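Peer 1: This is the structure I want to talk about, given as structure tokens.
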Amino acid sequence: MNRSQHFQDRFTQRHRKDRLFKSLTKVAMSIGFIALAILLTGILIEGLPWLSWDFLDRYPSRTPSKAGFKAAFWGSLWVIGLTTLMTVPIGVAGAVYLEEYSAKGRFAKFIELLISNLAGVPSILYGMLGLIAFVRMFQPTTDPTTFLGIQVPFGRSVLAGTCTLSLLVLPVLTIASREALKAVPDSLRLAAFGLGATRWQCVRHHVLPSAAPGILTGVVLSISRALGETAPLVMMGALTYVAFTPSTVYDPFTAMPIQIFNWASRPQPEFQSVAAAGIIVLLAVLLGMNAVVVLLRNRAERSKAA
Amino acid sequence: MKNRRMSALLLLAAASWGCSTDEEAHTAGVLTGTVSIDGSSTVFPITEAVAEEYRTDQPEVRITVGVSGTGGGFKKFIAGETDISNASRSIKTKELAHCAANGREFIELPVAYDGLAVVVNNANDFATEVTVEELRRIWAADSAAKKWSDIRPEWPDREFKLFAPGQDSGTFDYFTDEVNGESGNCRSDVTFSEDDNVLVRGVSGDKDGMGFFGLAYYVENQSKLNCLAIDAGVGPIIPSMETVENGSYAPLSRPLFIYVSTDSAKRPEVEDFVTFYLTEARTLAGEVGYVPFPEEIYNSLRKRFSSRVVGSESSKHGTVEELYL
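Chains as they are written, first to last, in this note's numbering: chain E, 1172 to 1477; chain W, 577 to 901.
In structure tokens form, the structure reads like this:
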């Protein structure tokens, strides 16, 4: 047997394996894609006829044709907007401290372990925590008093919901931001220090801009998660029937997933279709938010290249 | 540029923080304020319907309704977080003790009947009626029965599959109490779900399925399910609006309640809402799939509320007519 013959054999065998692996990955991808396509088609067929601008401008009703999504839509936007404002600064700053400032010792390892564990805690536990810590503030009742201009305890308010969801997504965002910061090459930091930059100047002008696309991906993931959460909000006492939209952070509220679940568990089949319409709105909000962040990310990437 | 964007964000946060929380000023004839309600998901549709109608009457009053389950609702009610508690069973002795310990007084008001339908798959042609004793042999925690033939010899030699509402629900409490003699006494090889539509799908998808849930869920799914007549010693009775209202569908029809805090009832918006509730419940409860009481009971309940009769009748046994008329 000559050497080139041997090479030829292995050549076809290796490439057969390659093709096999490629089709395996394709199958894996299609399973997810087909499941998603079936779900989406079902939802769209059932929900689209019930969808209208009016649907977003009506409050809940016992009559399916009059039922609307207004309270849930605005409740979710309030809570998610405030959760973003609260988590992004805290999560990113925490990640910067852990990655750029803190000594890499046992203590840092321990903190890292805690954060990873927190990210895996079932969300309903955060709901219980929210009920005790924010809604009631460890008091037996919730008669509100004013303390330093803030109304405490928060009661079953937008503010309590925001704090609960913020705790829920903070670990996720912190981990994602740390990964993004870790991926910034050390040469960048060394060059900045070499030119006499302080740690803050280095982080502010070099590390954060290069890590921005990765951090923004973390923001998308965590905020999307917060938008879809039902269990912690129900647990902390978000409501189901609300016929007004919040005007302050102390107002009671409901959220889109709660309203959808309520409709889906009704006996009348028309409510299943109303629930489908609600799901379409929830998905649209989710895609809209993601689109904004992707635009921001692309801009960050372009400025990084420039 | 970037600094400016940052400060804009901070401003926005500060603005939403500093918003005033003052209620709007009272105007003559128009009520304001908030009525907060929580509790049973079974009672929710009635309360939601009443709240929806009340908006045309008093648009400035903000009604909020949560769904924490009967037990969860009572916890919030006892903590003073809600004005009204929805309940699909009457208050338990333990909950009464907590009320007393926290100085919470309430007015107990039944609002409508709910029938519990015991259903089987529509391919099930052998079971059309069942006695309460047979139900107990199917559902009790100490039951050894696994097959239909264990219940009646002429029934087929196949295993039945059981579906029931979640163990935190008042519906589960009520059924186990009436059928198995003790609230919470139930075998464990049962598929539980908080969502009654899941139970409908479970029973309609399995030819040996059996389950129980509110009558409204059977009425909407009659083509997929068969409803069993229940024999409590006086012959089998099929649940319907008539048999539930006249009390012959026993023991699986029960009153649903609202509990109104006496302190909250001093507020004009709460008093007005509860009176409105007792006036409209007869029409609205029927619309959302429950069985309303006769008009004279609602008249008597309005009197009970206006004269603030506190405490529960749950320790006494009797029909709604006997206890509240």
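Don't be surprised by glycine CBs; every beta carbon is placed ideally from N, CA and C. Please read all numbers here as calculations on a predicted model, not as lab measurements.
Any chance the segment 858 to 866 of chain W sits against the segment 773 to 787 of chain W, with 3 or more Cβ pairs inside 8 angstroms?
Peer 2: no
Peer 1: I'd like to know whether the C-beta atoms of Lys652 of chain W and Ser664 of chain W end up nearer to each other than 8 angstroms.
Peer 2: no
Peer 1: By the 8 angstroms beta-carbon criterion, what residues does the segment 1400 to 1425 of chain E contribute toward chain W?
Peer 2: Val1405, Gly1408, Ala1409, Leu1410, Thr1411, Tyr1412, Val1413, Ala1414, Phe1415, Ser1418, Thr1419, Val1420, Tyr1421 and Pro1423
Peer 1: What distance in whole Å lies between the Cβ atoms of Ile1394 of chain E and Thr1411 of chain E, which are believed to be in contact at a cut-off of 8 angstroms?
Peer 2: Between Ile1394 of chain E and Thr1411 of chain E the Cβ distance is about 23 angstroms, and since that is not below 8 angstroms, they are no contact.
Peer 1: Chain E partners of Glu863 of chain W, CB-CB under 9 angstroms?
Peer 2: Arg1233 and Thr1234
Peer 1: Indicate the three-state DSSP secondary structure (helix, strand or coil) for Phe1318 of chain E in the structure shown.
Peer 2: strand
Peer 1: Helix, strand or coil for Ser641 of chain W, going by three-state DSSP, please let me know.
Peer 2: The question names Ser, yet the displayed sequence has Val at residue 641 of chain W. If DSSP states are grouped into helix, strand and coil, Val641 of chain W belongs with the strands.
Peer 1: Curious, which full-length beta strand (DSSP E) runs of at least 3 residues does the segment 667 to 755 of chain W contain?
Peer 2: 682 to 697, 705 to 707 and 737 to 741
Peer 1: Name the chain W residues whose beta carbon is nearer than 7 angstroms to that of Pro1380 of chain E?
Peer 2: What Pro1380 of chain E touches in chain W: nothing, since even the nearest Cβ is about 10 angstroms away.
Peer 1: Any idea what DSSP makes of Val1464 of chain E, helix, strand or coil?
Peer 2: helix
Peer 1: Quick check on DSSP: helix, strand or coil for Ser617 of chain W?
Peer 2: Ser617 of chain W falls in the coil class under three-state DSSP.
Peer 1: Using the Cα positions of Leu738 of chain W and Tyr794 of chain W, report the straight-line distance between them to the nearest angstrom.
Peer 2: 16 angstroms
Peer 1: Does the Cβ-Cβ distance between Thr1506 of chain E and Thr1333 of chain E come in under 8 angstroms?
Peer 2: In the structure as shown, chain E begins at 1172 and stops at 1477. Residue 1506 of chain E is therefore absent and cannot be evaluated.
Peer 1: If the cut is a Cβ gap below 8 angstroms, which residues of chain E does Arg631 of chain W touch?
Peer 2: Tyr1230 and Ala1414
Peer 1: Between Asn802 of chain W and Phe869 of chain W, what straight-line distance do the alpha-carbon atoms span, to the nearest angstrom?
Peer 2: Straight-line Cα distance between these residues: approximately 26 angstroms.
Peer 1: Give the single residue among W:Ser764, W:Leu607 and W:Val708 whose Cα lies nearest to the Cα of Pro635 of chain W.
Peer 2: That would be W:Leu607, whose Cα lies nearest to the Cα of Pro635 of chain W.
Peer 1: Check distances from the C-beta atoms of the segment 1428 to 1458 of chain E to those of chain W and list, in chain order, the residues that come in under 9 angstroms.
Peer 2: Ile1429, Phe1432, Asn1433, Ala1435, Ser1436, Arg1437, Pro1438, Gln1439, Pro1440 and Gln1443
Peer 1: Quick one: does Ile667 of chain W have its CB under 8 angstroms from some CB of chain E?
Peer 2: no
Peer 1: Who does Val836 of chain W pair with in a DSSP beta bridge?
Peer 2: W:Ile660 and W:Ile683
Peer 1: Less than 7 angstroms between the CB of Asn1433 of chain E and some heavy atom of the ligand SAH, yes or no?
Peer 2: For the ligand SAH, the structure offers nothing, since it holds no ligand at all.
Peer 1: Kindly indicate which residue of E:Phe1432, E:Trp1221 and E:Ala1397 has the alpha-carbon position closest to the one of Leu1341 of chain E.
Peer 2: E:Ala1397
Peer 1: Going along chain E in order, which residues have a C-beta closer than 8 angstroms to the C-beta of Tyr793 of chain W?
Peer 2: Pro1438
Peer 1: Where does the unbroken alpha helix (DSSP H) through Arg849 of chain W begin, and where does it stop?
Peer 2: Residue 849 of chain W is actually Phe in this sequence, not Arg. Where Phe849 of chain W is concerned, the enclosing alpha helix (DSSP H) stretches over Pro844 to Glu863.
Peer 1: Helix, strand or coil for Ala1362 of chain E, going by three-state DSSP, please let me know.
Peer 2: Here DSSP, grouped into helix, strand and coil, assigns Ala1362 of chain E to helix.
Peer 1: Take Ser1294 of chain E as the anchor and find which of E:Ser1337, E:Gly1265, E:Gly1367 and E:Leu1330 has the nearest alpha-carbon.
Peer 2: E:Ser1337
Peer 1: Using Cβ-Cβ distances below 7 angstroms, what residues of the segment 616 to 644 of chain W are close to chain E?
Peer 2: Phe620, Pro621, Glu624, Ala625, Ala627, Glu628, Arg631, Arg638, Ile639, Thr640, Val641, Gly642 and Val643
Peer 1: Rounded to the nearest angstrom, what separates Ile639 of chain W and Gly647 of chain W at their Cα positions?
Peer 2: Going from the Cα of Ile639 of chain W to the Cα of Gly647 of chain W covers about 21 angstroms.
Peer 1: Quick one, are the C-beta atoms of Thr838 of chain W and Arg878 of chain W less than 8 angstroms apart?
Peer 2: no
Peer 1: With a Cβ-Cβ cutoff of 8 angstroms, do Pro827 of chain W and Ala808 of chain W count as a contact?
Peer 2: yes
Peer 1: So that I know if they touch, is there some Cβ in chain E lying closer than 8 angstroms to that of Asn573 of chain W?
Peer 2: In the structure as shown, chain W begins at 577 and stops at 901. Residue 573 of chain W is therefore absent and cannot be evaluated.
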